[in-house]
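So the protein sequences, as listed, match chains A and B. When we follow my numbering, the leftmost residue of the first sequence carries the number 4, and every step to the right adds one. When we follow my numbering, the leftmost residue of the second sequence carries the number 497, and every step to the right adds one. No residue lacks a Cβ here, since even glycine has one placed at the ideal position from N, Cα and C. To keep things clear, I will list the structure first and then write my remarks on it.
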Amino acid sequence: MDRKQCCVKLSVQPSRGLMDEKFIILVQNVFPGFQLTLHALYKCDDGHSWEAFAHYTASAIGTVNVSEDPSLGGTYSGVEPMGLLWSLRPVPGSKPWLRMRKMNVQTPMVVTISVYPGHQTEGFLDQVSLAGVVVERWYMAPGVRRIPITEAGLTATLFLPPGPGPFPGLLDLWGGGGKLVEYRSALLASHGFASLALDYLTPKVTIETGKMVDNQYFERAYKVLEQHPQILSSRIAMIGLSFGTCITFKMAVYSQVAKLRCIVCISGSHVQPIDGSVEQIMSFFNKNAEKTRFNNENQVIWHDLLLPIPTDPSLKVDVGQLQCPLLLVVGEDDQNWPAHESAMDIKEMMERAGNSHLLTLLSYPNAGHLIEPPFTPFAKASAFRDISSRQMLVALWGGETAAHSRAQEDAWRKTLVFLRANLYAGANTDATSFSNL
Amino acid sequence: MMAKVIGLSTMSDTVAPMLSVFPSRALVDENFKVVVENLPPGSPVTLHSLHQCEDKHYWEAYGHYISNHRGTVSVTDDLSFGGTYTGKEAMGLLWSMRPVPGSREGLRLRKRNVCSPLLVNISVYRGHVVEGFREQAPLASSLTERWYMAPGGPCFYLQVHYLKNYFLVFFSFCPFPGLLDVWGGGGGLVEYRSALLGSHGYASLALEYFAPGELKSSDLEFNYFETAFNIVKDHPQVMPDKVGIFGLSLGASLTLLLAAESSIIKVSDILFVLCVCAIKIGPLTHIGLFYKPTLKSFFLVISFKVGRINCPVMVVNSHDDQNMATVESSEDMAQMMRAAGNLHLLTRLYYPDAGHLIEPPYTPHFRATKFVKDTKEKVILLWGGQTKPHSDAQEDSWKKILAFLEQNL
Chain A
4 MDRKQCCVKL
14 SVQPSRGLMD
24 EKFIILVQNV
34 FPGFQLTLHA
44 LYKCDDGHSW
54 EAFAHYTASA
64 IGTVNVSEDP
74 SLGGTYSGVE
84 PMGLLWSLRP
94 VPGSKPWLRM
104 RKMNVQTPMV
114 VTISVYPGHQ
124 TEGFLDQVSL
134 AGVVVERWYM
144 APGVRRIPIT
154 EAGLTATLFL
164 PPGPGPFPGL
174 LDLWGGGGKL
184 VEYRSALLAS
194 HGFASLALDY
204 LTPKVTIETG
214 KMVDNQYFER
224 AYKVLEQHPQ
234 ILSSRIAMIG
244 LSFGTCITFK
254 MAVYSQVAKL
264 RCIVCISGSH
274 VQPIDGSVEQ
284 IMSFFNKNAE
294 KTRFNNENQV
304 IWHDLLLPIP
314 TDPSLKVDVG
324 QLQCPLLLVV
334 GEDDQNWPAH
344 ESAMDIKEMM
354 ERAGNSHLLT
364 LLSYPNAGHL
374 IEPPFTPFAK
384 ASAFRDISSR
394 QMLVALWGGE
404 TAAHSRAQED
414 AWRKTLVFLR
424 ANLYAGANTD
434 ATSFSNL
Chain B
497 MMAKVIGLST
507 MSDTVAPMLS
517 VFPSRALVDE
527 NFKVVVENLP
537 PGSPVTLHSL
547 HQCEDKHYWE
557 AYGHYISNHR
567 GTVSVTDDLS
577 FGGTYTGKEA
587 MGLLWSMRPV
597 PGSREGLRLR
607 KRNVCSPLLV
617 NISVYRGHVV
627 EGFREQAPLA
637 SSLTERWYMA
647 PGGPCFYLQV
657 HYLKNYFLVF
667 FSFCPFPGLL
677 DVWGGGGGLV
687 EYRSALLGSH
697 GYASLALEYF
707 APGELKSSDL
717 EFNYFETAFN
727 IVKDHPQVMP
737 DKVGIFGLSL
747 GASLTLLLAA
757 ESSIIKVSDI
767 LFVLCVCAIK
777 IGPLTHIGLF
787 YKPTLKSFFL
797 VISFKVGRIN
807 CPVMVVNSHD
817 DQNMATVESS
827 EDMAQMMRAA
837 GNLHLLTRLY
847 YPDAGHLIEP
857 PYTPHFRATK
867 FVKDTKEKVI
877 LLWGGQTKPH
887 SDAQEDSWKK
897 ILAFLEQNL
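Set out below in structure tokens:
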């Protein structure tokens, strides 16, 4: 072992952070102009290994600062402080079409960041690095409480921020893949919102009876928030992604029970039979199944299923009647849903109805469908089990790695600002409290 | 129309103020920012910290603040007008912690299990409160974790024939500079400084050399320490030409002894010696009352020749050290080294009004705590120092110690 090289100093600050926090990676004590590769390795809970790497050249004083210096190549290029996280991809030889989703939010994501000599592109795991540090990335801040909810026939998890409260509440819905996905709620609770992650496609009651949930299921979930002693019933919002936006739009406009203070709709649409249950909305989509397309790699493009945007008012939620602020987030390269086209129609409907002052539209070029919390590794396509047909397909989500990752970071920051402005009293809506993000 | 109890809100629509601590998880020697938002403007509030240590005692600190026109309090930027600390003190909620009223005398906060964090609850209360924190409900609270060990650190104990327990910290990558970490007259195995040093990239071995209360009866010989030093030096993941010794109190005296007198540890092997509050064991008059040289080797050495030391030495002293005559000793040491011509190797740091126990930063100050003497008698030892100067000394000396380590390793 060449002793001279072992004086390389690598630091990642902070070594323990929340998933949406930035870190600073600094390499010191190398020769000026030294070529090195920074490498990240993550072994997820399912046992798959993910890696990212980037090529740097040390400065005249023998340092590399990932927040300031450009990557000259690798899984990302340019100045990207968090590139080693969002450009993570399965190591060569892995099962294809993986998507990284942490289902156990009570443990951190453990990432090993290492320095290797020269500009390398493979074989990292067969070598000894020059230096390495281990970094933890958490979805739950200390003191956040995780409470499984099974009452009222629900399959849900409530995340409460630390402290006595009372806190504003959030109902959090994911999309057509089903399952109980907790990580966004855990992160939102870490930012002061009591957040309920709800499984509405594969809850216990559906698994056991084979029947999909009715609209009252969502109202019961809302009531859990409304009646909780540490949650303010007058400050409850809803956030939905993909199919979750269908429910969110419906509840915000039509529900007599839910009084939502504001809503966030990501990568979704207002197009649906307005009096329909989950099952009816799904069959409405399936009726248009012949509009499904496939690309050259046989990946499914479901983008056209809801197109053209109907003019029939019974087929789209009347957003002209919306009485609370709406944050609409769409990726312009979304290949799975016509989110961009729906957004244009929503804007037009609201302008005609005179409530467009409630709308904030964030439309990101080259971003795809899965607009997740920041630094989540980008997946252009991944394996997807269709709920109704039970078929395993590869869905094309769309987007381009760097642009999509930038969209995730920007959308999350703006979502937190939007939620705070609408759910927390006080005139503070400036960004000083988000200097950590 | 509210038909249910909403808990603590005064008005049906008011949300709680937001308290945030950033970073929420940090190493023990890292700074944090505590910010409260959403308060009424110009309102008096109390920021409070609470920790329950491993012995189940409660420790707390608090500061009195006034929110600005935007309803914000920032501990980093604003002044505390009263409490366990005053003025602009970003870390005051940690270093000014003391046992809650009604606690036993002579408590000392030391973490034994370094694989889990110190959990500190930070809360904000309405008004300028001085007592009864546990009987009131805070406006908001947040939990922060303070870690001795960086992620990836091993959590295991090693036992080697001949040596008692020791705890070696390293992360499984390329070779590290090594450190032998020797504590003082309290005995037992104290790991947390080694864990923290490990988090900064040094393979650090914390050594137990006698159990609490057994100093007098210990039959340890000099080469116990020499063996320990060589274990560090010879470890495959340690760079053999980059090993130092770090000592506190009695451990510091031993450190100097090893550096000056050891025949097994060649002077060229030790890269540096770092002593916190050491005394050079000279004529018996220099030794503090509780530290009769009961280790055999001490009896054999009346005064050791610091002039023989051939490596950089850093000595950290405080003027209000009530435990050992450290200042006089280090003066004497400087003279001996000047006479021997190696004074250029010596760096001395003096802190007025700090006590004997100069530990890693942001740990609470103890002017006097319980101590188990050689005769198994429990006494209260006076360490000395005033809280604020002591904490400043800990913060400043730690920075300088890390710089000294980096420079020499």
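The DSSP assignment places 540-548 and 554-562 as complete runs of the beta strand (DSSP E) inside the region 534-602 of chain B, in order along the chain (cut-off: 3 residues).
Rounded to whole angstroms, the Cβ separation of H372 (chain A) and W400 (chain A) is 4 Å, and the two are in contact under 8 Å. Excluding its 5 nearest sequence neighbours in each direction, G579 (chain B) has C-beta neighbours in its own chain below 6 Å: Y558, G559 and H560, listed in chain order.
In terms of Cβ geometry, N617 (chain B) and G567 (chain B) do not form a close pair [threshold 8 Å].
For G65 (chain A), same chain residues with a beta-carbon under 8 Å away, outside a window of 5 residues either side, are Q31, N32, V33, F34, P35 and F37 in chain order.
In terms of beta-carbon proximity, V138 (chain A) lines the interface with chain B, with at least one pair separated by less than 8 Å. V113 (chain A) belongs to the set of residues whose beta carbon lies under 8 Å from a beta carbon in chain B.
By the neighbour-count criterion, in which a residue is buried when 16 or more other Cβ atoms sit within 10 angstroms of its Cβ, M395 (chain A) is exposed.
Look at L373 (chain A) here: in three-state DSSP terms it is coil, with no helix or strand label.
Under the three-state reduction of DSSP output, R296 (chain A) falls in the strand class. Around E641 (chain B), the beta-carbon contacts reaching into chain A at under 7 Å are P145. Pairing E687 (chain B) with A702 (chain B) gives a Cβ-Cβ distance under 8 Å. Boundaries of the alpha helix (DSSP H) harbouring E354 (chain A): A342 to A356, taken from the DSSP string.
Within chain B, the residues M514 have their CB atoms less than 7 Å from the CB of G195 (chain A), given in chain order. The straight-line gap separating the alpha-carbon atoms of L575 (chain B) and G628 (chain B) is approximately 23 Å. The beta carbon of A522 (chain B) sits closer than 8 Å to some beta carbon of chain A. In chain order, E641 place their CB closer than 6 Å to the CB of R521 (chain B), counting only its own chain and leaving out the 5 sequence neighbours on each side. Identification of chain B residues near S18 (chain A) by a Cβ-Cβ cut-off of 7 Å yields A646 and P647, ordered along the chain.
Inclusion of A382 (chain A) and G334 (chain A) in the CB contact set at 8 Å is not warranted, their separation being larger than that value. Residues of the region 21-40 of chain A with a C-beta atom less than 8 Å from some C-beta of chain B are L21 and E24, listed in chain order. Comparing C-alpha distances from I741 (chain B) to each of B:Q733, B:R689, B:V626 and B:P732 shows the shortest one belongs to B:R689.
The beta carbon of D413 (chain A) lies closer than 8 Å to those of L365 and Y367 in the same chain, with the five residues before and after it left out. Between the alpha carbons of Q338 (chain A) and G146 (chain A) lies a distance of about 39 Å.
Taking a beta-carbon distance threshold of 8 Å, P165 (chain A) counts as an interface residue toward chain B.
Straight-line spacing of the CA atoms in G743 (chain B) and D892 (chain B) works out to 17 Å.
Beta-bridge partners of C268 (chain A) (DSSP): A:G243 and A:L331. Cβ-Cβ distances below 6 Å link K46 (chain A) to S52 in the same chain, with the five nearest sequence neighbours on each side left out; the list follows chain order. Look at the region 575-600 of chain B: it has no residue with a C-beta under 8 Å from a C-beta of chain A. Shortest Cα-Cα distance from R622 (chain B) to any of B:P885, B:L515 and B:T843 involves B:L515. When the five nearest sequence neighbours on each side are left out, the beta carbons in the same chain lying within less than 7 Å of the beta carbon of Q283 (chain A) are those of P276, in order along the chain. Annotated three-state conformation of F528 (chain B) is coil, per DSSP. I242 (chain A) counts as buried, since no fewer than 16 other beta carbons sit within 10 angstroms of its beta carbon. About 6 Å separates the Cβ atoms of M645 (chain B) and S695 (chain B), confirming a contact at the 8 Å cut-off. Counted as a single uninterrupted DSSP element, the stretch harbouring P171 (chain A) is not any alpha helix (DSSP H) but the beta strand (DSSP E) occupying residues F170 to L176. With respect to the C-alpha of D278 (chain A), the residue from A:D348, A:L174 and A:V320 having the closest C-alpha is A:V320.
Only residues of its own chain outside the window of five on either side were considered, and among them L176, W177 and G178 have a CB closer than 6 Å to the CB of G247 (chain A), listed in chain order.
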